[in-house]
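Reading through the C-alpha coordinates given below for one structure.
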Amino acid sequence: MTLLTSPSASIVTLTNVEKHFGPVRALSGVSLSIGPGECVGLVGHNGAGKSTLVNLINGGLVPSAGEVSFPASGATRALEAGVRSVFQELSLCPNLTVAENLRISHDNLRGVGWRKRAHTEIAASLDSIFPGHGIDADTTVDRLTIAERQMVEIAIGFAPRGRDARLVILDEPTSSLDAGIAQQLLTHIRTFCAKGGAVVFISHMIGEIFQVASTIVVMKDGRIVASRPTAEFTRATLVDQMGHVAAETTDAVAQRRAPGEEVLHTGDGLVARKGEVVGLAGLAGHGQAEALAQLYLDRTSAWWGDKVPKVVFVAGDRGRDGILPLWSILRNATVSILSQTARHGLVDRAAEARVAAAWKTRIGIRTDDVRNLILSLSGGNQQKVLFARALASDAPIVIMDDPMRGVDIGTKQDVYAMIQSEAARGRTFLWYSTETEEVCQCDRVFVYRDGQISARLDGADITEDRILEASFQMQEAAA
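Numbering of the sequence shown is given in this note's numbering, commencing with residue 6 and proceeding in unit increments.
Set out below in C-alpha coordinates:
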(Lines of atoms letter the chains of each structure in order from A and count residues from 1; the text may use other names and numbers.)
(Lines give C-alpha, C1' and ligand atoms only; values in the text may rest on other atoms or scores of the structure.)
Protein backbone atom coordinates (compact mmCIF):
# COMPACT_ATOMS: atom_id res chain seq x y z
CA MET A 1 0.00 0.00 0.00
CA THR A 2 1.51 3.34 -1.07
CA LEU A 3 1.31 6.01 1.57
CA LEU A 4 -0.46 9.22 0.65
CA THR A 5 2.25 11.50 2.00
CA SER A 6 5.72 11.42 3.54
CA PRO A 7 5.43 9.48 6.84
CA SER A 8 7.56 12.00 8.75
CA ALA A 9 5.28 14.88 7.73
CA SER A 10 1.98 13.09 8.19
CA ILE A 11 -0.61 14.02 10.76
CA VAL A 12 -1.51 10.35 11.20
CA THR A 13 0.04 7.14 9.90
CA LEU A 14 -1.46 3.66 10.12
CA THR A 15 0.91 0.74 9.51
CA ASN A 16 -0.48 -2.77 8.83
CA VAL A 17 -3.39 -2.14 11.17
CA GLU A 18 -5.87 -4.90 11.98
CA LYS A 19 -8.97 -4.83 14.13
CA HIS A 20 -10.80 -7.94 15.29
CA PHE A 21 -14.07 -8.19 17.17
CA GLY A 22 -13.97 -11.80 18.30
CA PRO A 23 -13.96 -13.94 15.15
CA VAL A 24 -14.95 -10.96 12.98
CA ARG A 25 -12.11 -9.17 11.16
CA ALA A 26 -13.29 -5.61 10.72
CA LEU A 27 -9.92 -4.44 9.31
CA SER A 28 -7.10 -6.45 7.77
CA GLY A 29 -3.63 -5.06 7.02
CA VAL A 30 -4.57 -1.41 6.48
CA SER A 31 -1.75 1.10 5.88
CA LEU A 32 -2.51 4.76 5.33
CA SER A 33 -0.92 8.16 5.88
CA ILE A 34 -2.62 11.56 5.81
CA GLY A 35 -0.73 14.85 5.69
CA PRO A 36 -1.47 18.59 5.86
CA GLY A 37 -3.57 19.97 3.02
CA GLU A 38 -5.12 16.63 2.07
CA CYS A 39 -8.81 15.85 1.85
CA VAL A 40 -9.20 12.09 1.73
CA GLY A 41 -12.52 10.84 0.38
CA LEU A 42 -13.18 7.54 2.16
CA VAL A 43 -15.75 5.42 0.32
CA GLY A 44 -17.15 1.91 0.46
CA HIS A 45 -20.43 0.16 1.01
CA ASN A 46 -22.03 -0.08 4.44
CA GLY A 47 -19.97 -2.49 6.55
CA ALA A 48 -16.78 -2.06 4.48
CA GLY A 49 -14.80 -0.97 7.58
CA LYS A 50 -14.87 2.84 7.23
CA SER A 51 -16.20 3.53 10.74
CA THR A 52 -13.73 1.10 12.31
CA LEU A 53 -10.86 2.80 10.46
CA VAL A 54 -11.76 6.31 11.61
CA ASN A 55 -12.29 5.10 15.17
CA LEU A 56 -8.74 3.81 15.14
CA ILE A 57 -7.52 7.18 13.87
CA ASN A 58 -9.40 9.18 16.51
CA GLY A 59 -8.49 6.84 19.38
CA GLY A 60 -11.96 5.45 19.93
CA LEU A 61 -10.55 1.97 19.27
CA VAL A 62 -7.11 0.43 19.69
CA PRO A 63 -5.72 -1.83 16.95
CA SER A 64 -5.56 -5.59 17.42
CA ALA A 65 -2.32 -5.49 15.43
CA GLY A 66 -0.22 -2.84 13.70
CA GLU A 67 0.41 0.75 14.74
CA VAL A 68 -1.32 4.14 14.68
CA SER A 69 1.06 7.09 15.11
CA PHE A 70 1.08 10.89 14.81
CA PRO A 71 4.57 11.71 13.40
CA ALA A 72 4.26 15.45 12.73
CA SER A 73 3.21 16.36 16.27
CA GLY A 74 4.90 13.54 18.16
CA ALA A 75 1.69 13.14 20.16
CA THR A 76 0.65 9.80 21.59
CA ARG A 77 -3.07 10.55 21.61
CA ALA A 78 -5.31 11.64 18.75
CA LEU A 79 -6.80 14.55 20.69
CA GLU A 80 -3.34 15.97 21.41
CA ALA A 81 -2.51 15.66 17.70
CA GLY A 82 -5.50 17.83 16.78
CA VAL A 83 -7.71 15.02 15.46
CA ARG A 84 -11.45 15.71 15.62
CA SER A 85 -14.46 13.59 14.64
CA VAL A 86 -17.98 14.48 13.56
CA PHE A 87 -20.03 11.31 13.38
CA GLN A 88 -23.11 10.42 11.40
CA GLU A 89 -24.94 9.51 14.61
CA LEU A 90 -25.38 12.89 16.27
CA SER A 91 -24.04 13.05 19.83
CA LEU A 92 -25.21 16.40 21.20
CA CYS A 93 -26.88 16.54 24.62
CA PRO A 94 -30.45 17.67 23.85
CA ASN A 95 -31.07 19.29 27.25
CA LEU A 96 -28.02 21.58 26.96
CA THR A 97 -27.62 24.72 24.89
CA VAL A 98 -25.46 24.88 21.79
CA ALA A 99 -22.75 26.73 23.76
CA GLU A 100 -22.91 24.26 26.66
CA ASN A 101 -22.41 21.38 24.22
CA LEU A 102 -19.14 23.00 23.12
CA ARG A 103 -17.98 22.94 26.74
CA ILE A 104 -18.19 19.11 26.83
CA SER A 105 -15.25 18.83 24.41
CA HIS A 106 -13.43 22.01 25.49
CA ASP A 107 -11.52 21.58 28.77
CA ASN A 108 -10.25 25.17 28.77
CA LEU A 109 -13.75 26.57 29.15
CA ARG A 110 -13.94 26.92 32.90
CA GLY A 111 -14.14 29.54 35.57
CA VAL A 112 -16.22 32.70 35.70
CA GLY A 113 -17.74 33.71 32.38
CA TRP A 114 -17.11 30.40 30.55
CA ARG A 115 -20.61 30.42 29.02
CA LYS A 116 -19.99 33.77 27.39
CA ARG A 117 -16.68 32.55 25.95
CA ALA A 118 -18.35 29.35 24.73
CA HIS A 119 -21.12 31.39 23.10
CA THR A 120 -18.56 33.55 21.29
CA GLU A 121 -16.46 30.62 20.08
CA ILE A 122 -19.28 28.43 18.75
CA ALA A 123 -21.03 31.42 17.15
CA ALA A 124 -17.81 32.32 15.34
CA SER A 125 -17.36 28.74 14.13
CA LEU A 126 -20.95 28.57 12.86
CA ASP A 127 -20.57 31.94 11.12
CA SER A 128 -17.37 30.87 9.35
CA ILE A 129 -18.81 27.58 8.04
CA PHE A 130 -22.50 28.38 7.56
CA PRO A 131 -23.01 32.11 6.89
CA GLY A 132 -26.57 33.15 7.66
CA HIS A 133 -27.23 30.01 9.72
CA GLY A 134 -29.67 31.68 12.15
CA ILE A 135 -28.77 29.39 15.08
CA ASP A 136 -28.74 31.00 18.54
CA ALA A 137 -25.93 29.56 20.68
CA ASP A 138 -28.15 29.88 23.76
CA THR A 139 -30.87 27.63 22.31
CA THR A 140 -31.22 24.14 23.77
CA VAL A 141 -30.41 21.45 21.23
CA ASP A 142 -33.80 19.73 21.54
CA ARG A 143 -35.36 22.80 19.90
CA LEU A 144 -33.18 22.54 16.79
CA THR A 145 -34.03 20.70 13.58
CA ILE A 146 -31.90 17.71 12.63
CA ALA A 147 -30.18 19.86 9.99
CA GLU A 148 -29.34 22.53 12.60
CA ARG A 149 -28.03 19.87 14.99
CA GLN A 150 -25.77 18.53 12.26
CA MET A 151 -24.51 22.06 11.60
CA VAL A 152 -23.72 22.50 15.31
CA GLU A 153 -21.84 19.16 15.42
CA ILE A 154 -19.74 20.26 12.45
CA ALA A 155 -19.06 23.69 13.95
CA ILE A 156 -17.87 22.08 17.21
CA GLY A 157 -15.58 19.82 15.17
CA PHE A 158 -13.85 22.76 13.52
CA ALA A 159 -13.90 25.13 16.54
CA PRO A 160 -10.47 25.93 18.11
CA ARG A 161 -11.27 24.39 21.54
CA GLY A 162 -7.93 25.48 22.99
CA ARG A 163 -5.86 24.10 20.09
CA ASP A 164 -6.46 24.29 16.36
CA ALA A 165 -7.93 21.29 14.60
CA ARG A 166 -5.38 19.60 12.32
CA LEU A 167 -7.40 16.64 11.03
CA VAL A 168 -11.22 16.62 11.02
CA ILE A 169 -13.06 13.37 10.29
CA LEU A 170 -16.49 14.01 8.78
CA ASP A 171 -18.79 10.98 8.61
CA GLU A 172 -21.75 11.66 6.28
CA PRO A 173 -21.72 15.35 7.27
CA THR A 174 -24.27 16.49 4.67
CA SER A 175 -26.80 13.70 5.17
CA SER A 176 -29.37 16.04 6.75
CA LEU A 177 -28.38 19.26 4.97
CA ASP A 178 -30.07 20.73 1.93
CA ALA A 179 -27.99 21.48 -1.16
CA GLY A 180 -27.26 25.11 -0.28
CA ILE A 181 -26.02 24.41 3.24
CA ALA A 182 -24.04 21.40 2.02
CA GLN A 183 -22.23 23.62 -0.47
CA GLN A 184 -21.28 25.99 2.35
CA LEU A 185 -19.64 23.09 4.16
CA LEU A 186 -17.81 21.85 1.05
CA THR A 187 -16.47 25.37 0.49
CA HIS A 188 -15.22 25.51 4.08
CA ILE A 189 -13.50 22.12 3.71
CA ARG A 190 -11.58 23.36 0.66
CA THR A 191 -10.55 26.52 2.55
CA PHE A 192 -9.54 24.54 5.65
CA CYS A 193 -7.33 22.19 3.62
CA ALA A 194 -5.82 25.06 1.62
CA LYS A 195 -4.63 26.53 4.94
CA GLY A 196 -2.88 23.28 5.90
CA GLY A 197 -5.62 21.36 7.66
CA ALA A 198 -6.64 17.85 6.64
CA VAL A 199 -10.03 16.18 6.33
CA VAL A 200 -11.25 12.61 6.07
CA PHE A 201 -14.56 12.92 4.23
CA ILE A 202 -16.94 9.94 4.30
CA SER A 203 -19.98 10.25 2.08
CA HIS A 204 -22.23 8.07 -0.04
CA MET A 205 -22.92 11.15 -2.19
CA ILE A 206 -20.27 10.53 -4.80
CA GLY A 207 -20.63 13.97 -6.35
CA GLU A 208 -19.50 15.55 -3.08
CA ILE A 209 -16.46 13.26 -2.92
CA PHE A 210 -15.36 14.47 -6.35
CA GLN A 211 -15.91 18.11 -5.34
CA VAL A 212 -13.64 18.15 -2.28
CA ALA A 213 -11.35 15.11 -2.13
CA SER A 214 -7.74 15.35 -3.31
CA THR A 215 -7.37 11.59 -2.89
CA ILE A 216 -9.98 8.82 -2.82
CA VAL A 217 -9.49 5.73 -0.67
CA VAL A 218 -11.82 2.81 -1.41
CA MET A 219 -12.56 0.17 1.23
CA LYS A 220 -14.10 -3.27 0.78
CA ASP A 221 -14.41 -6.08 3.33
CA GLY A 222 -12.06 -4.40 5.81
CA ARG A 223 -9.28 -3.68 3.31
CA ILE A 224 -8.15 -0.72 1.23
CA VAL A 225 -8.62 -1.86 -2.37
CA ALA A 226 -7.74 1.42 -4.10
CA SER A 227 -6.04 4.70 -3.20
CA ARG A 228 -5.41 7.24 -5.94
CA PRO A 229 -5.68 10.97 -6.69
CA THR A 230 -9.30 11.91 -7.34
CA ALA A 231 -8.53 12.93 -10.94
CA GLU A 232 -7.71 9.30 -11.73
CA PHE A 233 -11.25 8.14 -10.90
CA THR A 234 -14.52 8.51 -12.75
CA ARG A 235 -17.90 7.86 -11.18
CA ALA A 236 -18.12 4.52 -13.00
CA THR A 237 -14.63 3.34 -12.02
CA LEU A 238 -15.18 4.39 -8.42
CA VAL A 239 -18.42 2.42 -8.12
CA ASP A 240 -16.69 -0.52 -9.81
CA GLN A 241 -13.82 -0.39 -7.29
CA MET A 242 -16.37 -0.47 -4.46
CA GLY A 243 -17.41 -3.87 -5.74
CA HIS A 244 -20.96 -3.12 -6.76
CA VAL A 245 -21.92 -1.73 -10.12
CA ALA A 246 -25.28 -0.07 -9.67
CA ALA A 247 -27.89 -1.43 -12.03
CA GLU A 248 -28.87 0.80 -14.89
CA THR A 249 -32.00 2.68 -13.96
CA THR A 250 -35.08 2.08 -16.07
CA ASP A 251 -38.11 4.20 -16.64
CA ALA A 252 -39.99 2.35 -13.93
CA VAL A 253 -42.50 5.17 -13.56
CA ALA A 254 -43.55 4.85 -17.17
CA GLN A 255 -43.85 1.06 -16.80
CA ARG A 256 -46.29 1.34 -13.91
CA ARG A 257 -49.99 1.34 -14.44
CA ALA A 258 -51.85 4.61 -14.12
CA PRO A 259 -52.36 5.66 -10.48
CA GLY A 260 -55.65 4.71 -8.88
CA GLU A 261 -58.09 6.48 -6.66
CA GLU A 262 -57.18 9.33 -4.35
CA VAL A 263 -56.01 8.01 -0.98
CA LEU A 264 -54.91 11.23 0.68
CA HIS A 265 -55.90 14.88 0.46
CA THR A 266 -54.82 17.36 3.13
CA GLY A 267 -56.12 20.82 3.88
CA ASP A 268 -52.95 22.49 2.58
CA GLY A 269 -53.27 20.86 -0.84
CA LEU A 270 -51.12 17.73 -0.58
CA VAL A 271 -52.69 15.03 -2.77
CA ALA A 272 -51.67 11.40 -3.33
CA ARG A 273 -53.24 8.55 -5.29
CA LYS A 274 -52.92 4.80 -5.05
CA GLY A 275 -49.70 3.64 -6.69
CA GLU A 276 -47.99 7.03 -6.72
CA VAL A 277 -44.62 8.13 -5.40
CA VAL A 278 -45.16 11.66 -4.12
CA GLY A 279 -42.14 13.79 -3.22
CA LEU A 280 -41.82 16.58 -0.67
CA ALA A 281 -39.01 19.02 -1.48
CA GLY A 282 -37.65 22.42 -0.55
CA LEU A 283 -34.96 23.73 1.77
CA ALA A 284 -34.45 21.71 4.96
CA GLY A 285 -36.54 22.79 7.93
CA HIS A 286 -39.44 24.34 6.01
CA GLY A 287 -42.23 22.09 7.25
CA GLN A 288 -41.78 18.88 5.27
CA ALA A 289 -40.94 16.67 8.26
CA GLU A 290 -43.75 18.21 10.31
CA ALA A 291 -46.25 17.57 7.51
CA LEU A 292 -45.23 13.92 7.29
CA ALA A 293 -45.34 13.48 11.07
CA GLN A 294 -48.87 14.89 11.18
CA LEU A 295 -50.01 12.63 8.35
CA TYR A 296 -48.62 9.63 10.19
CA LEU A 297 -50.13 10.55 13.56
CA ASP A 298 -53.54 11.23 12.04
CA ARG A 299 -53.66 7.66 10.74
CA THR A 300 -52.07 5.76 13.62
CA SER A 301 -53.44 7.30 16.82
CA ALA A 302 -56.42 4.95 17.29
CA TRP A 303 -56.58 3.27 20.68
CA TRP A 304 -57.08 -0.12 19.04
CA GLY A 305 -54.70 -0.75 16.17
CA ASP A 306 -55.68 -2.43 12.92
CA LYS A 307 -54.38 -5.87 11.98
CA VAL A 308 -52.86 -4.24 8.91
CA PRO A 309 -51.60 -0.70 9.67
CA LYS A 310 -52.95 2.13 7.51
CA VAL A 311 -49.49 3.68 7.23
CA VAL A 312 -45.87 2.88 8.09
CA PHE A 313 -42.97 5.25 8.65
CA VAL A 314 -39.29 5.17 7.64
CA ALA A 315 -37.34 7.64 9.77
CA GLY A 316 -34.29 9.56 8.63
CA ASP A 317 -33.30 10.38 12.22
CA ARG A 318 -33.10 6.72 13.14
CA GLY A 319 -31.59 7.33 16.58
CA ARG A 320 -34.55 9.46 17.67
CA ASP A 321 -37.46 8.12 15.62
CA GLY A 322 -36.45 4.75 14.21
CA ILE A 323 -34.46 2.03 15.91
CA LEU A 324 -35.31 0.33 19.19
CA PRO A 325 -31.76 0.23 20.61
CA LEU A 326 -32.26 -2.52 23.19
CA TRP A 327 -33.82 -4.91 20.66
CA SER A 328 -32.27 -7.30 18.19
CA ILE A 329 -32.08 -6.79 14.44
CA LEU A 330 -34.85 -9.38 14.06
CA ARG A 331 -37.22 -7.63 16.48
CA ASN A 332 -36.55 -4.22 14.93
CA ALA A 333 -37.24 -5.52 11.43
CA THR A 334 -40.43 -7.41 12.22
CA VAL A 335 -42.26 -5.26 14.77
CA SER A 336 -44.54 -3.88 12.01
CA ILE A 337 -45.83 -7.33 10.96
CA LEU A 338 -46.49 -8.95 14.34
CA SER A 339 -50.26 -8.39 14.19
CA GLN A 340 -50.40 -9.64 10.58
CA THR A 341 -48.76 -12.98 11.41
CA ALA A 342 -50.14 -13.49 14.93
CA ARG A 343 -52.12 -16.63 15.74
CA HIS A 344 -54.90 -16.25 18.30
CA GLY A 345 -53.24 -13.08 19.57
CA LEU A 346 -49.82 -14.72 20.01
CA VAL A 347 -46.66 -13.83 18.09
CA ASP A 348 -45.76 -16.42 15.46
CA ARG A 349 -42.01 -16.70 16.08
CA ALA A 350 -41.42 -18.94 13.06
CA ALA A 351 -43.12 -16.46 10.71
CA GLU A 352 -41.19 -13.61 12.31
CA ALA A 353 -37.88 -15.42 11.73
CA ARG A 354 -38.77 -16.18 8.10
CA VAL A 355 -39.57 -12.51 7.39
CA ALA A 356 -36.34 -11.31 9.03
CA ALA A 357 -34.24 -13.84 7.09
CA ALA A 358 -35.92 -12.94 3.79
CA TRP A 359 -35.32 -9.21 4.24
CA LYS A 360 -31.74 -9.73 5.44
CA THR A 361 -31.05 -11.28 2.05
CA ARG A 362 -33.27 -9.02 -0.04
CA ILE A 363 -31.93 -5.70 1.22
CA GLY A 364 -28.43 -6.90 2.13
CA ILE A 365 -28.25 -6.36 5.90
CA ARG A 366 -24.62 -7.16 6.81
CA THR A 367 -24.77 -9.42 9.85
CA ASP A 368 -24.05 -13.05 10.55
CA ASP A 369 -27.04 -13.38 12.88
CA VAL A 370 -30.26 -11.30 12.92
CA ARG A 371 -30.52 -12.05 16.65
CA ASN A 372 -27.61 -9.65 17.25
CA LEU A 373 -28.43 -6.26 18.75
CA ILE A 374 -29.40 -3.55 16.26
CA LEU A 375 -26.53 -1.39 17.56
CA SER A 376 -24.04 -4.00 16.32
CA LEU A 377 -24.76 -2.73 12.79
CA SER A 378 -23.26 0.25 10.99
CA GLY A 379 -25.53 3.28 10.57
CA GLY A 380 -26.34 2.43 6.96
CA ASN A 381 -27.28 -1.13 7.87
CA GLN A 382 -29.51 0.14 10.67
CA GLN A 383 -31.30 2.21 8.03
CA LYS A 384 -31.78 -0.92 5.91
CA VAL A 385 -33.54 -2.54 8.87
CA LEU A 386 -35.98 0.39 9.00
CA PHE A 387 -36.74 -0.08 5.29
CA ALA A 388 -37.28 -3.78 5.90
CA ARG A 389 -39.65 -3.00 8.77
CA ALA A 390 -41.79 -0.74 6.60
CA LEU A 391 -41.82 -2.74 3.38
CA ALA A 392 -42.42 -6.09 5.12
CA SER A 393 -45.82 -4.83 6.29
CA ASP A 394 -48.94 -4.67 4.12
CA ALA A 395 -49.59 -1.00 4.92
CA PRO A 396 -50.95 0.78 1.81
CA ILE A 397 -49.16 4.07 2.55
CA VAL A 398 -45.42 4.39 3.28
CA ILE A 399 -44.12 7.68 4.68
CA MET A 400 -40.38 8.28 4.31
CA ASP A 401 -38.68 11.19 6.11
CA ASP A 402 -35.33 11.66 4.29
CA PRO A 403 -34.60 7.94 4.72
CA MET A 404 -31.39 7.57 2.69
CA ARG A 405 -29.08 9.12 5.30
CA GLY A 406 -25.86 7.11 5.36
CA VAL A 407 -27.00 4.54 2.80
CA ASP A 408 -24.47 3.50 0.15
CA ILE A 409 -25.05 3.98 -3.57
CA GLY A 410 -25.63 0.30 -4.30
CA THR A 411 -28.28 -0.01 -1.60
CA LYS A 412 -29.89 3.23 -2.75
CA GLN A 413 -30.35 1.80 -6.22
CA ASP A 414 -31.84 -1.37 -4.74
CA VAL A 415 -34.23 0.63 -2.56
CA TYR A 416 -35.27 2.85 -5.48
CA ALA A 417 -36.15 -0.29 -7.45
CA MET A 418 -38.12 -1.69 -4.50
CA ILE A 419 -40.07 1.54 -4.13
CA GLN A 420 -41.03 1.51 -7.81
CA SER A 421 -41.95 -2.18 -7.61
CA GLU A 422 -44.14 -1.66 -4.55
CA ALA A 423 -45.78 1.38 -6.16
CA ALA A 424 -46.56 -0.75 -9.21
CA ARG A 425 -48.44 -3.09 -6.86
CA GLY A 426 -50.58 -0.17 -5.69
CA ARG A 427 -48.73 1.15 -2.67
CA THR A 428 -48.48 4.92 -2.16
CA PHE A 429 -45.24 6.55 -1.05
CA LEU A 430 -44.78 10.00 0.49
CA TRP A 431 -41.08 10.76 0.26
CA TYR A 432 -39.26 13.75 1.72
CA SER A 433 -35.63 13.99 0.67
CA THR A 434 -32.90 16.62 0.83
CA GLU A 435 -31.39 15.04 -2.32
CA THR A 436 -32.87 16.56 -5.47
CA GLU A 437 -31.87 13.49 -7.48
CA GLU A 438 -34.22 11.39 -5.34
CA VAL A 439 -37.09 13.85 -5.50
CA CYS A 440 -36.86 13.91 -9.29
CA GLN A 441 -37.77 10.21 -9.35
CA CYS A 442 -41.24 10.95 -8.00
CA ASP A 443 -44.53 11.16 -9.94
CA ARG A 444 -45.51 14.44 -8.30
CA VAL A 445 -43.59 16.85 -6.09
CA PHE A 446 -44.83 19.39 -3.56
CA VAL A 447 -42.26 22.07 -2.73
CA TYR A 448 -42.41 23.55 0.78
CA ARG A 449 -41.39 27.03 1.81
CA ASP A 450 -41.95 28.57 5.28
CA GLY A 451 -44.24 25.73 6.33
CA GLN A 452 -46.47 25.99 3.27
CA ILE A 453 -46.69 24.33 -0.13
CA SER A 454 -45.24 26.83 -2.58
CA ALA A 455 -45.56 24.74 -5.75
CA ARG A 456 -46.88 21.48 -7.16
CA LEU A 457 -44.78 19.94 -9.94
CA ASP A 458 -45.87 17.06 -12.19
CA GLY A 459 -44.15 14.94 -14.80
CA ALA A 460 -41.68 16.85 -16.96
CA ASP A 461 -41.90 19.89 -14.64
CA ILE A 462 -40.05 17.97 -11.93
CA THR A 463 -36.54 19.33 -12.44
CA GLU A 464 -33.85 20.65 -10.14
CA ASP A 465 -34.26 24.16 -11.52
CA ARG A 466 -38.02 24.21 -10.94
CA ILE A 467 -37.63 22.83 -7.41
CA LEU A 468 -35.02 25.47 -6.51
CA GLU A 469 -37.15 28.23 -8.04
CA ALA A 470 -40.16 27.17 -5.97
CA SER A 471 -38.03 26.84 -2.83
CA PHE A 472 -37.15 30.55 -2.96
CA GLN A 473 -40.07 32.20 -4.75
CA MET A 474 -42.24 32.85 -1.66
CA GLN A 475 -39.29 34.57 0.03
CA GLU A 476 -38.71 36.71 -3.02
CA ALA A 477 -42.39 37.64 -3.20
CA ALA A 478 -42.32 38.81 0.40
CA ALA A 479 -39.20 40.92 -0.11
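For each residue, glycine too, the CB sits at the ideal point set by N, CA and C.
For residue i: DSSP bridge partner residues
i	result
Cys1	Because the chain spans 6 through 484 in this model, residue 1 falls outside it and cannot be assessed.
Pro99	Beta-bridge pairing links Pro99 to no other residue.
Asp176	Ile207
Val452	Ala286, Ala460
Opening and closing residue of the alpha helix (DSSP H) in which residue i lies
i	result
Thr125	119-134
Leu396	384-397
His193	184-199
Ile39	First-last for Ile39: 29-39, but that is the beta strand (DSSP E), not the alpha helix (DSSP H).
Arg278	Per DSSP, Arg278 belongs to no alpha helix (DSSP H); it is in the beta strand (DSSP E), 276-278.
Asp326	First-last for Asp326: undefined, no H or E at that position.
Arg367	354-368
Lys312	Element bounds for Lys312: n/a, residue is neither H nor E.
Residue range of the beta strand (DSSP E) that includes residue i
i	result
Trp436	433-437
Met156	Counting along the chain, Met156 falls outside any beta strand (DSSP E), though it belongs to the alpha helix (DSSP H) covering 151-163.
Gly79	Here Gly79 belongs to no beta strand (DSSP E), and DSSP marks it neither H nor E.
Ser459	457-463
Met405	402-406
Thr26	Checking the sequence shown, residue 26 turns out to be Phe, not Thr. Per DSSP, Phe26 belongs to the beta strand (DSSP E) from 17-26.
Ser232	228-234
Cβ distance (whole Å) where residue i is taken to contact residue j below 8 Å
i	j	result
Met247	Val48	6 Å
Ser398	Ser341	4 Å
Ile472	Val450	7 Å
Glu85	Ala203	Incorrect: roughly 16 Å between the Cβ atoms, too far for contact.
Ile127	Ile161	7 Å
Residue i to residue j span [Cα, whole Å]
i	j	result
Lys312	Ala187	42 Å
Ser69	Phe392	34 Å
His249	Leu329	Any reading at His249 is ruled out, since the residue's pLDDT is 49, under 50, leaving its predicted position unreliable.
Asp169	Ala231	31 Å
Ser459	Thr150	21 Å
Val282	Gly201	46 Å
Ile16	Val146	32 Å
Glu267	Leu435	13 Å
Lys389	Ile404	15 Å
Gln93	Ser383	10 Å
Thr242	Asp176	22 Å
Ser526	Pro76	The shown model of the chain, from 6 to 484, leaves out residue 526, and the question about it has no answer.
Arg394	His291	27 Å
Ile467	Leu269	21 Å
Asp470	Ile214	23 Å
Val45	Phe26	26 Å
Ala277	Ala428	12 Å
Nearest to residue i (by Cα), restricted to the options the options
i	options	result
Cys98	Thr125, Gln155, Leu61	Gln155
Glu234	Gln216, His270, Thr441	Sequence inspection shows Pro at residue 234; the Glu mentioned does not correspond to that position. When only C-alpha atoms are compared, the closest one is Gln216.
Lys55	Val222, Ala277, Val276, Thr372	Val222
Lys365	Ser38, Ala160, Gln387, Val22	Gln387
Arg120	Phe135, Thr102, Ala129	Thr102
Gln418	Gly431, Glu443, Ala429	Glu443
Any C-beta of chain D under 9 Å from that of residue i
i	result
Ala128	Here chain D cannot be found, since the structure has a single protein chain.
beta-carbon residue i near the ligand NAP non-hydrogen atom, thresh 8 Å
i	result
Gly284	As far as ligands go, the structure on display features none, and thus does not contain the ligand NAP.
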